[in-house]
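There are 2 protein chains.
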Amino acid sequence: MGLAKTEMFTDLQNEIALYAKVFGHPARVSILQHLFKIDACVCGDLVNEIGLAQPTISQHLKELKNLGLIQGTVEGTSVCYCIHKENWTQMKEVMLKFLDQDLPKSDCC
Amino acid sequence: MGLAKTEMFTDLQNEIALYAKVFGHPARVSILQHLFKIDACVCGDLVNEIGLAQPTISQHLKELKNLGLIQGTVEGTSVCYCIHKENWTQMKEVMLKFLDQDLPKSDCC
DNA sequence: TGCTTTTATCGTAAAAATACAATAAATAAA
DNA sequence: TTTATTTATTGTATTTTTACGATAAAAGCA
Numbered sequence: 001m002g003l004a005k006t007e008m009f010t011d012l013q014n015e016i017a018l019y020a021k022v023f024g025h026p027a028r029v030s031i032l033q034h035l036f037k038i039d040a041c042v043c044g045d046l047v048n049e050i051g052l053a054q055p056t057i058s059q060h061l062k063e064l065k066n067l068g069l070i071q072g073t074v075e076g077t078s079v080c081y082c083i084h085k086e087n088w089t090q091m092k093e094v095m096l097k098f099l100d101q102d103l104p105k106s107d108c109c
Numbered sequence: 001m002g003l004a005k006t007e008m009f010t011d012l013q014n015e016i017a018l019y020a021k022v023f024g025h026p027a028r029v030s031i032l033q034h035l036f037k038i039d040a041c042v043c044g045d046l047v048n049e050i051g052l053a054q055p056t057i058s059q060h061l062k063e064l065k066n067l068g069l070i071q072g073t074v075e076g077t078s079v080c081y082c083i084h085k086e087n088w089t090q091m092k093e094v095m096l097k098f099l100d101q102d103l104p105k106s107d108c109c
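If you read the sequences in order, they're chains A and B. The first sequence lines up with residues 1 to 109 when you count with the numbering used here. The second sequence lines up with residues 1 to 109 when you count with the numbering used here.
Structure representation (structure tokens):
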């Protein structure tokens, strides 16, 4: 992207945007859905599950890990990933507060 | 961004990603928060409210409108924008279902 | 009609995101 | 130690996003 002028926005606005940006790609949505679905760690089968090259998946996993939404533990030659429960809950609170604002009762335009 | 291979993902995954992408910039988050805050239409003061150039704001508004999250009606020389209530509610349902999935009870990694 | 105000569009420079081949790194197995 | 397996990193071409100056378009006012 071009350079977003983050300094002119509040911390909350930037935080919401950062979370949203990581959900802004279907591959990462897919990875997260898979982690929820299997209800456990994913050890290595993500590349087969999603049809992207291994470096691409690794890059997406890194972004999710950088935001703290998933965690990975080394298990032999492979790495097991799962949802970071605490951080996911914290993210959810922030996003729900943004999405769940009261809509105006009156019709204006 | 580079080209996302949307054809290899489900409609839902692409829909979630599209909504998230539009929230993935603090300026658009700010615009939406302002629309909620004033609980009415915004007619022209968005450029002063947010510190970006007028064409930039116009571009962000267009993206929000393209996704149907806001609507605008012409009012003289200015245009009044507000949240599109039905579409916002629909978007919220999709996003909440994604964010509010059950976390695994067991600690795996 | 001519001028002002407000918003949209066009064009474009700069920066970021995406995808993947090539390669490195790390661990297990032989 | 050598080989195999799995994941991370590097490098890079392509595309998209962002921001804004310049300009057009649309409506009100003089």
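Glycine included, every Cβ here is placed at the ideal spot set by N, Cα and C. Source: prediction; values computed, not measured.
Listing by chain order, which chain A residues have their CB less than 9 Å from the CB of residue i?
i	result
ASP100 of chain B	LYS92 and LEU96
Rounded to the nearest angstrom, how far is the Cβ of residue i from that of residue j, given a contact under 8 Å?
i	j	result
HIS34 of chain B	ALA17 of chain A	About 15 Å; that fails the 8 Å criterion.
LYS62 of chain A	GLN71 of chain A	That belief does not hold up - the Cβ atoms of LYS62 of chain A and GLN71 of chain A are roughly 12 Å apart, past 8 Å.
CYS43 of chain A	SER78 of chain A	5 Å
CYS80 of chain A	THR89 of chain A	Actually they are not in contact, since the Cβ atoms of CYS80 of chain A and THR89 of chain A sit about 21 Å apart, beyond 8 Å.
Please list, in chain order, the chain B residues whose beta carbon lies closer than 7 Å to that of residue i.
i	result
HIS25 of chain A	ALA4 and ALA17
GLN54 of chain A	What GLN54 of chain A touches in chain B: nothing, since even the nearest Cβ is about 15 Å away.
Could you tell me whether the Cβ atoms of residue i and residue j are closer together than 8 Å?
i	j	result
ILE57 of chain A	LEU46 of chain A	yes
LEU99 of chain B	LYS92 of chain A	yes
GLN13 of chain A	SER30 of chain B	yes
LYS5 of chain B	LEU52 of chain A	yes
LEU103 of chain B	ILE83 of chain A	yes
GLU15 of chain A	VAL94 of chain A	yes
Could you name the residues of chain B that residue i contacts, counting a contact when the two beta carbons are closer than 9 Å?
i	result
GLN13 of chain A	PRO26, ALA27, VAL29, SER30 and GLN33
LYS21 of chain A	ALA20, LYS21, PHE23, GLY24 and HIS25
List, in order along the chain, the chain A residues whose C-beta lies closer than 7 Å to that of residue i?
i	result
GLY51 of chain B	MET8
ASP39 of chain B	PRO104
Applying a beta-carbon distance threshold of less than 8 Å, which residues of chain B neighbour residue i?
i	result
ILE83 of chain A	LEU103 and PRO104
With DSSP collapsed to three states, give me the class of residue i.
i	result
LYS97 of chain A	helix
LEU46 of chain A	helix
THR10 of chain B	coil
Inset, instruction - Scan the stretch 55-92 of chain A and note each continuous beta strand (DSSP E) run of 3 residues or more that stays entirely inside, going in chain order. - result: 70-75 and 78-83
Inset, instruction - Only counting runs of 4 or more residues, tell me where the alpha helix (DSSP H) segments fall wholly within the stretch 13-43 of chain A, in order along the chain. - result: 26-38
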